[in-house]
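Chains as they are written, first to last, in UniProt numbering: chain A, 1 to 198; chain B, 1 to 198.
All C-beta atoms in this analysis are idealised placements derived from N, C-alpha and C, irrespective of residue type, glycine included.
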DNA sequence: TGACAAAGCGGAGCGCTGCTCCGGATAGTA
DNA sequence: TACTATCCGGAGCAGCGCTCCGCTTTGTCA
């Protein structure tokens, strides 16, 4: 099911040069279309934007999740990499966790429809879901463990549940002044903290 | 845009008897199909189950939201009605809020795909969203106000944000042992409570 | 009872999707 | 230059939402 590399980036090596070029063209076009039409944009539209046929897109990215993953790969990796850094630089493990979640939320909120896709009822995005989990779950777990270790938060919270909850809270139309997922997530973190006057 | 009654139930009066019968047939069929295939089930499938044409469904329920609303109307009303009752019977306003949210979550979780639909990116379900807000937002606001009044929770939380957050947390595949929205909602409520040793 | 609007019904049909598949073009090599 | 493995394009199929109009049924009135 999976190529040798999670997002199939290495598949761009040892291919014909026109194929490599097309792959990049599709990635660029997809990134542009995702901004305006969301990650659910019709494949035909992405193909038109790239000036290639649909077959070309499906050949390079068999599932939609593969395409989305490839487009956002760098940012997901950045987010994963930021975890340990924050743990070292922040004032406390809890602060690191909070800041890392901020990064994660910023990433999700600025990608139109990405959070929706992650929890989509259909399994069209199963591979995307899997990639997020592979890369980010260990980071979240590490931050969570450190915060528990430091006594900042109560133990028992599962990283998967927390991440999925945060992702879920980011679902929905953007720019609704009545709804800011950050406020609810702050509340959630508050609930995670130990009662301060134990 | 709207009929005289929010979900158009009164439209079953003063119509031809065969039309009334068909309306009921469609409602019953839709309820059955929703259980197995979710609220996103193809209209053709509901029509087949009811043994009517698609035109009949669209005539009685112009949008999908109208159909979903009509199917779940009684349960939504029950949930709305439970608010004041709980406020009178529960030990504290905060307990009432908690129990009411439990009811709301139970309702959402047992309807396959309903929570997804409520926050759907497309506006196919706009009327459903509106109906939920019309009926449940005032109830939630009342419970929230009472809890603030009693000093159980900190002020400042907007009912809309809370309800939508809870709805969002209920999104996703059911029966995943790794994810129980109730645990996160409990955490959220914990964060809502005043620091007990003020 | 019989006739006749009015109301209701069914599903063919259109437009839009995702995805496949194969004839034709192209790149790299001998 | 000739040749083949590789890649490309988009026609085509299936599934969906939704509309539209010829046909059927109902209720009424003479």
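Sequence-distant residues of its chain with Cβ nearer than 6 Å to residue 76 of chain A (five each side left out) | As a first step, residue 76 of chain A is located in the first chain; it is residue number 76 there, counting from the start. Around residue 76 of chain A: 135.
Are residue 192 of chain B and residue 168 of chain A closer than 8 Å when you measure CB to CB?
-> The sequence position of residue 192 of chain B within the second chain is 192, counting from 1. The sequence position of residue 168 of chain A within the first chain is 168, counting from 1. Contact: no.
Does residue 160 of chain B have its Cβ less than 8 Å from a Cβ in chain A?
-> If you number the second chain from 1, residue 160 of chain B lands on position 160. Judged by the 8 Å Cβ criterion, residue 160 of chain B is in contact with chain A.
Tell me the DSSP bridge mates of residue 99 of chain B?
-> Position 99 of the second chain, counted from the first residue, corresponds to residue 99 of chain B. According to DSSP, which records beta bridges pairwise, residue 99 of chain B is partnered with nothing at all.
Going by C-alpha distance, which of B:138, B:128 and B:176 is nearest residue 70 of chain B?
-> On the second chain, residue 70 of chain B is found 70 positions in, with the first residue counted as 1. That would be B:128, whose Cα lies nearest to the Cα of residue 70 of chain B.
Hey, would you say residue 153 of chain B sits closer than 8 Å to residue 182 of chain B, going by beta carbons?
-> Mapped onto the second chain, residue 153 of chain B falls at position 153. Mapped onto the second chain, residue 182 of chain B falls at position 182. Taking 8 Å as the Cβ cut-off, residue 153 of chain B and residue 182 of chain B do not qualify as a contacting pair.
Is the Cβ-Cβ distance between residue 100 of chain A and residue 83 of chain A less than 8 Å?
-> As a first step, residue 100 of chain A must be located in the first chain, where it is residue number 100. As a first step, residue 83 of chain A must be located in the first chain, where it is residue number 83. Closer than 8 Å, so yes.
Cβ neighbour criterion (16 or more within 10 Å) applied to residue 177 of chain B = Residue 177 of chain B sits at position 177 when you count from the first residue of the second chain. With fewer than 16 Cβ atoms within 10 Å of its Cβ, residue 177 of chain B is classed as exposed.
For residue 193 of chain A, three-class secondary structure by DSSP | Taking the first chain and counting its residues from 1, the one referred to as residue 193 of chain A is at position 193. Strand.
From the DSSP output, which residues share a beta bridge with residue 203 of chain A?
-> Look at the range of chain A in this structure, 1 to 198, and you will see that residue 203 of chain A is not part of it.
Give the straight-line distance between the Cα atoms of residue 53 of chain A and residue 47 of chain A, rounded to the nearest whole angstrom.
-> Counted from its first residue, the first chain places residue 53 of chain A at position 53. Counted from its first residue, the first chain places residue 47 of chain A at position 47. C-alpha separation (whole angstroms): 6 Å.
Is residue 20 of chain B closer than 8 Å to residue 32 of chain B when the C-beta atoms are compared?
-> Position 32 of the second chain, counted from the start, is the residue given in the question as residue 32 of chain B. Position 20 of the second chain, counted from the start, is the residue given in the question as residue 20 of chain B. It is not a contact, given that the beta carbons lie outside the stated cut-off.
Secondary structure at residue 79 of chain A, three-state DSSP: helix, strand or coil?
-> To locate residue 79 of chain A, count along the first chain from 1; it is residue 79. Residue 79 of chain A falls in the helix class under three-state DSSP.
Establish whether the CB of residue 165 of chain B and some CB of chain A are separated by less than 8 Å.
-> On the second chain, position 165 is the one that residue 165 of chain B refers to. True, the Cβ-Cβ gap to chain A drops below 8 Å.
Would a C-beta distance cut-off of 8 Å place residue 184 of chain A and residue 188 of chain B closer than the cut-off?
-> Translated into positions along the first chain, residue 184 of chain A becomes position 184. Translated into positions along the second chain, residue 188 of chain B becomes position 188. Yes, they are a contact pair.
Have a look at A:45, A:60, A:110 and A:51 and flag the residue whose alpha-carbon is nearest the alpha-carbon of residue 15 of chain A.
-> As a working mapping, residue 15 of chain A is identified with position 15 in the first chain. Residue A:60 is the option with its Cα nearest to residue 15 of chain A.
Could you work out which residues of chain B lie near residue 201 of chain A, taking near to mean beta carbons separated by less than 8 Å?
-> Not covered by the structure: residue 201 of chain A. The range shown for chain A is 1 to 198.
State the Cα-Cα distance for the pair residue 98 of chain A and residue 155 of chain B, rounded to the nearest angstrom.
-> The residue you call residue 98 of chain A lines up with position 98 of the first chain. The residue you call residue 155 of chain B lines up with position 155 of the second chain. In a straight line, the C-alpha of residue 98 of chain A is about 23 Å away from that of residue 155 of chain B.
Can you tell which of B:110, B:74, B:55 and B:114 has its C-alpha closest to the C-alpha of residue 65 of chain B?
-> Within the second chain, numbered from 1, the residue matching residue 65 of chain B stands at position 65. It is B:114.
Any residues in the stretch 41–53 of chain A with a beta carbon nearer than 9 Å to a beta carbon of chain B? Which ones, in chain order?
-> none
So, is the C-beta of residue 179 of chain A closer than 8 Å to a C-beta in chain B?
-> As a first step, residue 179 of chain A is located in the first chain; it is residue number 179 there, counting from the start. Answer yes: the Cβ-Cβ gap between residue 179 of chain A and chain B drops below 8 Å somewhere.
Contacts around residue 126 of chain B, its chain only, beta-carbon distance under 7 Å, and the 5 residues preceding and following it disregarded | As a first step, residue 126 of chain B must be located in the second chain, where it is residue number 126. Answer for residue 126 of chain B: 65, listed in chain order.
Closer than 8 Å by beta-carbon distance: list the chain B residues that pair up with residue 121 of chain A, in chain order.
-> Here residue 121 of chain A is taken as the residue at index 121 of the first chain, counted from 1. Within chain B, the residues near residue 121 of chain A are 38, 40, 113, 116, 172 and 173.
Neighbouring residues, chain B, relative to residue 169 of chain A (Cβ below 8 Å) | Counting from 1 along the first chain, the entry for residue 169 of chain A is found at position 169. Per Cβ cutoff of 8 Å: 165, 168 and 169.
Outcome for residue 123 of chain B when other beta-carbon atoms lying within 10 angstroms are tallied against a minimum of 16 | For the purposes of this step, residue 123 of chain B is taken as the residue at position 123 of the second chain. So residue 123 of chain B counts as exposed.
Can you name, in chain order, every residue of its own chain whose Cβ lies under 7 Å from the Cβ of residue 166 of chain B, other than the five neighbours on each side?
-> Here residue 166 of chain B refers to the residue found at position 166 when the second chain is read from its first residue. Cβ neighbours of residue 166 of chain B beyond the five flanking positions: 101, 104, 105 and 185.
With 16 other CB atoms within 10 Å as the buried threshold, where does residue 22 of chain B fall?
-> Taking the second chain and counting its residues from 1, one reaches residue 22 of chain B at position 22. Result: buried.
Within 8 Å (strictly less), CB to CB, does residue 184 of chain A reach chain B?
-> Residue 184 of chain A sits at position 184 when you count from the first residue of the first chain. Taking Cβ atoms only, chain B reaches closer than 8 Å to residue 184 of chain A, which makes this a yes.
Option nearest residue 91 of chain B by Cα separation, candidates B:138, B:146, B:26 and B:130 = Against the second chain, residue 91 of chain B aligns to sequence position 91. Taking only the C-alpha atoms, the option nearest residue 91 of chain B is B:146.
Once you ignore the five residues that flank residue 142 of chain A on each side, which residues in its own chain have a CB closer than 8 Å to its CB?
-> Within the first chain, the letter at position 142 stands for residue 142 of chain A. Cβ neighbours of residue 142 of chain A beyond the five flanking positions: 83, 84 and 87.
Just to confirm, are residue 39 of chain A and residue 68 of chain A a CB contact at a threshold of 8 Å?
-> Here the question's residue 39 of chain A lines up with position 39 in the first chain. Here the question's residue 68 of chain A lines up with position 68 in the first chain. Result yes, Cβ atoms of residue 39 of chain A and residue 68 of chain A sit closer than 8 Å.
What is the rounded straight-line gap between the Cα of residue 116 of chain B and the Cα of residue 164 of chain B?
-> Position 116 of the second chain, counted from the first residue, corresponds to residue 116 of chain B. Position 164 of the second chain, counted from the first residue, corresponds to residue 164 of chain B. Residue 116 of chain B and residue 164 of chain B: Cα-Cα distance of roughly 11 Å.
Which residue spans inside the stretch 127–153 of chain A form an unbroken alpha helix (DSSP H) run of at least 4?
-> none
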